[in-house]
Amino acid sequence: MLSTSDSHYDLPLYPRLNPASRHDSVSLVASSIEFSQRYTLGTIDKILLDAAHDAEAIYELLDHQNVEPFIDLNVRTKKNFGTESDIQISPMGVPICPIGKEMKPNGFDKSQNRQKWRCPLACGTKNTCSTPCSKAKYGRTFHTFKKDNLRLFTKTPRSSEKWKLVYKRRTSVERSNKREKIDYHLESGRHRSTKIWYIRLYAIMMCQHIDAWYSSQSENLNVQTIIFP
2 MLSTSDSHYD
12 LPLYPRLNPA
22 SRHDSVSLVA
32 SSIEFSQRYT
42 LGTIDKILLD
52 AAHDAEAIYE
62 LLDHQNVEPF
72 IDLNVRTKKN
82 FGTESDIQIS
92 PMGVPICPIG
102 KEMKPNGFDK
112 SQNRQKWRCP
122 LACGTKNTCS
132 TPCSKAKYGR
142 TFHTFKKDNL
152 RLFTKTPRSS
162 EKWKLVYKRR
172 TSVERSNKRE
182 KIDYHLESGR
192 HRSTKIWYIR
202 LYAIMMCQHI
212 DAWYSSQSEN
222 LNVQTIIFP
């Protein structure tokens, strides 16, 4: 199920029934392509997914669709990755300076498609590091390029407050699923036909949208004038 993460009412957008044996990441590929082909009234600039979708192929697909992914990492190792310099990269994609501190994100350069990082102990032209690794007053800087690793080097760094704030909205799909499965008893049906399941599911989704419409209009809604104009 694709749902709106920026909606106050956790509205569903596009359902697709898949075999239980199919992995979530494979289901996403089919759903995202179908959704982009069938719904052209707007554009999607961000997508929020859990760690089950943390695969290189998913990042490549979303990059091709010009969608920024917010995907929780399925950490496969606790070791840092080496680079050609004395900077290392943590499993979360954050550069680690020579004294072992995580560098701070310092803006995204759209022209070069790269993320800029700065010494964590530098502030303005002051640097409180006892063993600075750069003579520059601004402090040590480092750049990570999306093309080098789409999975680790995201446009919005995972260590940033913005990433955490955006990713919090992923719980909206869980609330949407709860409305369908529990409040509207989706699984109470005993259907054998996939078509009938889709009819039931779309009817429930329409009820969710009607609920949202009513909630947003309830203060100014006069039911009597609508029924008896």
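Add 1 to a position in the sequence shown, counting from 1, and you land on the number used in the numbering used here. We treat Cβ as the ideally placed atom computed from N, Cα and C, and that holds for glycine. As the structure is a computational prediction, the values presented were derived from the model and not from experiment.
Exercise. Could you say if the region 201-220 and the region 173-188 meet the contact criterion of at least three C-beta pairs nearer than 8 Å?
Key: yes
Exercise. Could you tell me which residues DSSP puts in a beta bridge with Gln89?
Key: DSSP links Gln89 through a beta bridge to Gly83 and Ile97.
Quiz prompt | Cα-Cα separation, Pro133 to Lys79 | solution = 26 Å
Quiz item: Just the Cα atoms here: how many angstroms apart are Phe109 and Tyr40?
Solution: For Phe109 and Tyr40, the distance between alpha carbons rounds to 30 Å.
Quiz prompt | Cut-off 6 Å between Cβ atoms - residues of its own chain near Asn19, not counting five sequence neighbours on either side | solution = Ser28
Practice problem: Would you kindly report the start and end of the unbroken beta strand (DSSP E) that includes His9? | Solution: Where His9 is concerned, there is no enclosing beta strand (DSSP E), given that its DSSP letter is neither H nor E.
Quiz item: Do you know whose CA, among Ser217, Tyr215, Ser219 and Leu202, lies nearest Met2's CA?
Solution: Leu202
Exercise. Could you pull out every residue in the same chain whose Cβ sits closer than 6 Å to the Cβ of Asp51, ignoring the five residues on either side in sequence?
Key: The residues are Asp73.
Self-check item: Host beta strand (DSSP E) of Gln116 (start-end)
Solution: Here the beta strand (DSSP E) through Gln116 covers Arg115 to Arg119.
Quiz item: alpha helix (DSSP H) containing His210: first to last residue?
Solution: Its alpha helix (DSSP H) spans residues Thr195 to Gln218.
Quiz prompt | Spatial distance of Asn223 from Asp212 (CA atoms) | solution = If I take the Cα positions, the gap works out to 16 Å.
Quiz item: Ends of the alpha helix (DSSP H) at Glu35?
Solution: Asp25 to Arg39
Exercise. For my contact list, Ala123 and Gly101 are in at a C-beta cut-off of 8 Å; report their separation, rounded to the angstrom.
Key: About 16 Å separates the Cβ atoms of Ala123 and Gly101, ruling out a contact at the 8 Å cut-off.
Practice problem: Could you name each continuous beta strand (DSSP E) segment of 3 residues or more that falls completely within the region 123-156, going from the start of the chain to the end? | Solution: DSSP runs (the beta strand (DSSP E)) wholly in the region 123-156: 142-146.
Quiz item: Buried or exposed: where does Phe71 fall if 16 or more other Cβ atoms within 10 Å of its Cβ makes it buried?
Solution: buried
Quiz prompt | Per DSSP, the bridge partner or partners of Leu50 | solution = Ile72
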